[in-house]
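Count along the sequence shown from 1, then add 27; that gives the number in our numbering. All C-beta atoms in this analysis are idealised placements derived from N, C-alpha and C, irrespective of residue type, glycine included. Note that the structure is predicted; figures quoted are calculated from it, not measured.
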Amino acid sequence: MDNKFEFYEAESTPKKTRKFGGKQITALVLSFVLICGTVAGGIWAVNAFTITKTGGTQLNAAVTTVPATNAPFATVPSTNAPFATIPFTTPATSHYAPLVNAEPTEVLSAAQIYDRYVGSVVGIITEGTTTNIFGQQSEYAASGTGFVISTDGYIITNCHVVDGGSTFTVSFEDGRSYDGELIGADAANDVALLKIDETGLTPVVIGDSDAIRVGEDIIAIGNPLGELTFSLSKGVVSALNRVVTTDSDEANYMFQIDAAVNSGNSGGPVFNSLGQVIGVVTAKYADTGVEGLGFALPINDVMRIAAELNENGKLRTVSFGITVSDMYYAEDESDADIVGAWVKEVTAGSCAETAGLQTGDIIVRLDSMRITCVNDLLAAKKRFAPDDEATLAVIRDGAELELTIVFDEAEEVPAATEPVLPEPMLPGGWH
28 MDNKFEFYEA ESTPKKTRKF GGKQITALVL SFVLICGTVA GGIWAVNAFT ITKTGGTQLN
88 AAVTTVPATN APFATVPSTN APFATIPFTT PATSHYAPLV NAEPTEVLSA AQIYDRYVGS
148 VVGIITEGTT TNIFGQQSEY AASGTGFVIS TDGYIITNCH VVDGGSTFTV SFEDGRSYDG
208 ELIGADAAND VALLKIDETG LTPVVIGDSD AIRVGEDIIA IGNPLGELTF SLSKGVVSAL
268 NRVVTTDSDE ANYMFQIDAA VNSGNSGGPV FNSLGQVIGV VTAKYADTGV EGLGFALPIN
328 DVMRIAAELN ENGKLRTVSF GITVSDMYYA EDESDADIVG AWVKEVTAGS CAETAGLQTG
388 DIIVRLDSMR ITCVNDLLAA KKRFAPDDEA TLAVIRDGAE LELTIVFDEA EEVPAATEPV
448 LPEPMLPGGW H
C-alpha cells in the first residue's frame, strides 16, 4: 500500500491560521473552571479550552474531542433500549460493592434520587497552610463535595478538593460533621479517598460509566459556591470522550454534562436515571455568556483508582517504554493536521519492545480509544493498570497493523528535594 501522505513531526510545523465562521483566528479561546473554592484562568490552541476544576484551585486546560468511531465507551448496547434494561454492573472491587447490588429496574425522578441519596453526599472543607517564596506562611480553606461509597465511611472526592490540606471536615445534610482522614490521593487522575470514623452509613449505588449514552438524563448533587449546600441540578449527558488536559500537562478522559455546576461542586456525584453514580463532577466552562458545559470523570476509572489508593495509599501507574511526539499528516505542509503519536524511541527490554513497537511507528488507537495526538495517548494509558493487556493500532510504512501490549509498571519517581530558599532581603542587601 502506497503512503498517500507525508508525515513529519509537530515541532517542525509552523503555526497556521484557520477560518471559523468566515473569520481568521489562530486559536479558539474559551475559559473553564476546575470547580472547588478558588479560581483563576488562561488557555491555548484551536479546539482548546481553559478548564478550571470545580473545587480548590484552578488549572488551565485544553479539551479535545476524540471521534466517536473508536470511543472508549464501546460497551454501550447498539439497541436503543430503555435505561431500565441496561444490565447493572458492580465494579470488581468487593470493598466498594454498593449497598444495593441487585439490578435496578426502576427509573427514578430527580426528586426520588435526591430523597434517596442526598444523605450519601457530603460537603468537604479543606484547611491548610501555604508557604510563599519568602518562607512566610498563611492559612487557607477550600470547599468541595464528596460522596459515601461504603457503610463504614469511605468517601470519594477530587484530589484538587483536598490538595495541600492538613485537616478535612466532612459534613452531612442532616447536620452531622466528622473529621476526615486522607487515605490517598492521585493528582494525575484528580481522585482522592477520604475516611471518616462512622458506620451504618448509606453509600451510593455505583453504576457503569461504560454504558453512558449521549442524551441520557443525569442529575448532580453538590455544594455550589461552598454555601448553597446540597443543591440539585439536572441535565443530560452532552458528549462522551472529552480529553481534558490541565496546565500541569495531565490529560484525562471525561464526559460532558449540561447540568449547572459551579465552584464547590467538585467531587460530587453524577447520577443516572436509575439513581446510580456514573461520574464525578470535576470541571466546568467558566466564561461570560457560556452555559451548560460541565465535565465529569467516569466512575469506572474513579473506582479502580480509589480501590488502589485504599490498598496502597497511592496509585501504581503503567509505563509504555517509548518516547513520542505529535505527528502531523498532510498532502502539503501548509495544511497539516495531527494524526497520532509518533514513536521516536523504544526502550530496550520494555513492554513496547516486547509488543513489537518500532521507532517510526505512529500510534493511532489504544484498545477502543482513538489516538490523534500525544495528549490522547497520555489520557488513554491512565485507564490501565500494570500487567493489563491492550491492543495497539499503529501505522507502519503506510499500512495499519495491530500489536498486543502488556503494560509494565512505571518506576516510582523520587520526591523532589525542597529548594533551600535564601533569607529575605533586608535594606542594604542580604543579611
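Would you mind reading off the limits of the beta strand (DSSP E) that contains residue i?
i: LYS311; result: 303-312
i: ILE210; result: 204-213
i: PRO296; result: 296-299
i: LEU428; result: 426-433
i: ILE422; result: 416-423
i: PHE195; result: 194-199
i: GLU166; result: 164-175
For residue i, count neighbouring C-beta atoms within 10 Å of its own C-beta (all shown protein chains included) and say buried if the count is 16 or more, exposed if not.
i: PRO114; result: In this predicted model, PRO114 has a pLDDT of only 28, less than 50, meaning its place in the structure is not dependable; the value taken from the coordinates is given anyway. The residue in question, PRO114, is exposed, as its Cβ has fewer than 16 Cβ neighbours within 10 Å.
i: LYS371; result: exposed
i: ARG410; result: buried
i: SER204; result: exposed
i: ALA138; result: exposed
i: GLY242; result: exposed
i: GLY415; result: For the record, residue 415 in the displayed sequence is Asp; it is not Gly. Burial call: exposed.
i: LYS311; result: buried
i: GLY202; result: exposed
i: SER58; result: Summary for SER58: the model assigns pLDDT 35, below 50, so the residue's position carries little reliability, and this model does not support an answer.
i: SER293; result: buried
i: ASN402; result: buried
i: ASN159; result: exposed
i: ASP353; result: buried
Have a look at residue i and residue j and give me their C-alpha separation to the nearest angstrom.
i: ARG392; j: ILE176; result: 33 Å
i: VAL149; j: ASN279; result: 24 Å
i: ASP244; j: SER236; result: 13 Å
i: PRO296; j: THR309; result: 10 Å
i: ALA368; j: ALA420; result: 11 Å
i: ALA238; j: GLY262; result: 17 Å
i: GLY376; j: ALA437; result: 13 Å
i: GLY191; j: GLU429; result: 43 Å
i: ALA3; j: CYS186; result: Coverage of the chain is limited to positions 28 through 458, which leaves residue 3 absent and any answer about it impossible.
i: ALA18; j: ALA169; result: With the chain covering only 28 through 458, there is no way to say anything about residue 18.
i: SER290; j: GLY319; result: 14 Å
i: THR381; j: ASN250; result: 48 Å
i: ARG343; j: GLN385; result: 26 Å
i: THR196; j: GLY146; result: 16 Å
i: THR226; j: VAL189; result: 23 Å
i: THR194; j: VAL232; result: 28 Å
i: GLU439; j: VAL134; result: 45 Å
Taking the alpha helix (DSSP H) that residue i belongs to, which residues open and close that run?
i: ASP328; result: 326-339
i: ASP403; result: 401-408
Taking DSSP as the reference, what is the three-state secondary structure of residue i?
i: GLY321; result: strand
i: ARG143; result: helix
i: VAL7; result: Because the chain is modelled from 28 through 458, residue 7 falls outside the range shown and cannot be assessed.
i: ASN159; result: coil
i: ASP285; result: coil
i: PRO251; result: helix
i: ASP353; result: strand
i: SER265; result: strand
i: ASP237; result: helix
i: ALA278; result: strand
i: GLU439; result: coil
i: GLU225; result: coil
i: ALA137; result: helix
i: LEU342; result: coil
i: ASP244; result: strand
i: ALA219; result: strand
i: THR153; result: strand
i: ILE398; result: coil
i: VAL231; result: coil
i: THR272; result: strand
Pick out the complete alpha helix (DSSP H) segments inside the stretch 366-394, 4 residues or longer, and give them in chain order. 378-382
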